[in-house]
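One structure is given here, and the rest of the page talks about it.
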Ligand code: UDX
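Numbering (our numbering), first residue to last: 854 to 1309.
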């Protein structure tokens, strides 16, 4: 058995590393047109930062895990081909800003059809709108010599920062396929691979469309919980309730549950916004405007929360941040990742720059170029955007600190020393509710946390 994976990104690389580590007798090859990304996977500095990933890759690389750029050869030699290419949001044309751009998926399908010499099981792992499998099948079966393809949907539910743990011990593996004898056989082949380390009862098989839709719906429900608690955070600030206490109180109801109720500056990451907008687009396409509008509100609440946080900073600093320095601590969309895609920090930093502030950003894992690129776009320059090498450096001479990522190191900074180097009154805007608030108040900071009463 040989497995090939097209796409060496955040999903393809770690997932294949785990399969290779768990199944030493299966040869796993990950290919990508991007030569520098492949070189990074073959080096000591992997292109993805995930706790524990280095060990998993090191255990299997060179033995039964291979990274290279020869896409066609890898397709020819693979029995099971995972498609883990990107599905960005369309930027122009019909559905711009909402629909998924499927060009990489389509290109992958055409290449598989052209170069395959025998039967293949093609597994879609990229999050894609419902009914893409059908398009994949049509391209594969109408462009190849033998047409012997099975397409499976096998969405990935790993979260960044915990990818290795999620892959090693997933709550469920979802496999969708055609309900025909050949489709069932393909699903069984894939299930047998996962069953090497995942208990059978966690492996679900469904029809293709249920599987494809489940990924979008899972992310929509998760994001909806955050938007729900964030909407309540605004009401808490207005009334004197504490959103942490409210979340704890409602989360004790087992029907609601305690997870994903942390109020924050907003959700980010590559999936939530994109998947919800895909869902919205699908609903509109299928003539369900009320359903589309319902889910779109989840994204709009998130945008409002980011904007509300920026406005909170400006209004607290006497309605002007012009020529003031704001230290932004954290730029990744969450801790333990270097990923900045759709990070709430992008909107907040841009908003502050528009108000003419000097913004000094520090993130323990995100490189300076990535921060500049996200905020200013390709080739953009702005002397008011400073990237600092430490939290203390960002804070020196600042009027305020804004915590935008919940990195552990921010919990235990030397806040007294930082306070001494700041303009007074020194303000802290805790967008993740992680700082030791009473200690900060004792030092003399004015503290503003999401969903809590402000300091006197
Ligand atoms: C998410 C899903 O969790 C995962 O199953 C799917 O495969 C991909 O999308 P990910 O984007 O990696 O994973 O991160 P996640 O931990 O879900 O966090 C998403 C965003 O929500 C982050 O910005 C995080 O800070 C924010 N968040 C999360 C909150 O603001 N509050 C919470 O209570 C939880």
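Even for Gly, the Cβ is constructed at its ideal location relative to N, Cα and C.
Closer than 6 Å: residue i CB and nearest the ligand UDX heavy atom
i	result
residue 1185	no
residue 1079	yes
residue 1087	no
residue 1012	yes
residue 1029	no
residue 1117	yes
residue 935	no
residue 1124	yes
residue 820	The displayed coordinates of the chain run from 854 to 1309. Any statement about residue 820 would go beyond what the structure contains.
residue 920	no
residue 1113	yes
Per-residue burial, residue i [other beta carbons within 10 Å of its own, 16 or more giving buried]
i	result
residue 951	buried
residue 1276	exposed
residue 896	exposed
residue 1025	exposed
residue 999	exposed
residue 1052	exposed
residue 1281	buried
residue 871	buried
residue 866	buried
residue 947	exposed
First through last residue of the beta strand (DSSP E) which encompasses residue i
i	result
residue 1029	1026-1030
residue 1209	No beta strand (DSSP E) holds residue 1209; DSSP gives it neither H nor E.
Cβ-Cβ distance between residue i and residue j below 7 Å
i	j	result
residue 1204	residue 1234	no
residue 1212	residue 1193	no
residue 996	residue 966	yes
residue 920	residue 891	yes
residue 933	residue 856	yes
residue 1174	residue 1210	yes
residue 962	residue 1011	no
residue 1119	residue 1195	no
residue 1124	residue 1072	yes
residue 1116	residue 1304	yes
residue 885	residue 912	no
residue 1274	residue 1249	yes
residue 922	residue 953	no
residue 1247	residue 1215	yes
residue 864	residue 937	yes
Continuous alpha helix (DSSP H) stretch holding residue i: start and end
i	result
residue 889	888-894
residue 1136	1125-1138
residue 1153	1142-1169
residue 1046	1034-1047
residue 1081	1061-1092
The ligand ZN heavy atom lying under 6 Å from the CB of residue i
i	result
residue 1162	Ligands in the displayed structure: the ligand UDX; the ligand ZN is not one of them.
Okay, do the segment 1181-1201 and the segment 1252-1271 touch, 3+ Cβ pairs below 8 Å being the bar?
-> The segment 1181-1201, when compared against the segment 1252-1271, does touch it at the 8 Å Cβ threshold.
So, do the segment 1123-1136 and the segment 965-983 have three or more beta carbon pairs nearer to each other than 8 Å?
-> Because the criterion of three Cβ pairs below 8 Å is met, the segment 1123-1136 and the segment 965-983 touch.
Is there contact between the segment 1011-1022 and the segment 894-910, where contact requires at least three CB pairs shorter than 8 Å?
-> With contact defined as three or more Cβ pairs closer than 8 Å, the segment 1011-1022 and the segment 894-910 are in contact.
The segment 879-889 contacting the segment 911-925, beta-carbon criterion three pairs below 8 Å = Because the criterion of three Cβ pairs below 8 Å is met, the segment 879-889 and the segment 911-925 touch.
Tell me, please, whether the segment 1142-1151 touches the segment 1092-1106 by the rule of three or more beta-carbon pairs shorter than 8 Å.
-> The segment 1142-1151 vs the segment 1092-1106: no contact.
Are the segment 1079-1089 and the segment 1035-1045 in contact at 8 Å, needing three or more beta carbon pairs?
-> Two segments are said to touch when three or more pairs of C-beta atoms, one from each, lie closer than 8 Å; by this definition the segment 1079-1089 does not touch the segment 1035-1045.
Answer yes if the segment 1263-1280 comes into contact with the segment 1291-1304, meaning at least three C-beta pairs across the two stretches below 8 Å, and no otherwise.
-> Taking 8 Å as the limit for Cβ pairs, the verdict is that the segment 1263-1280 does touch the segment 1291-1304.
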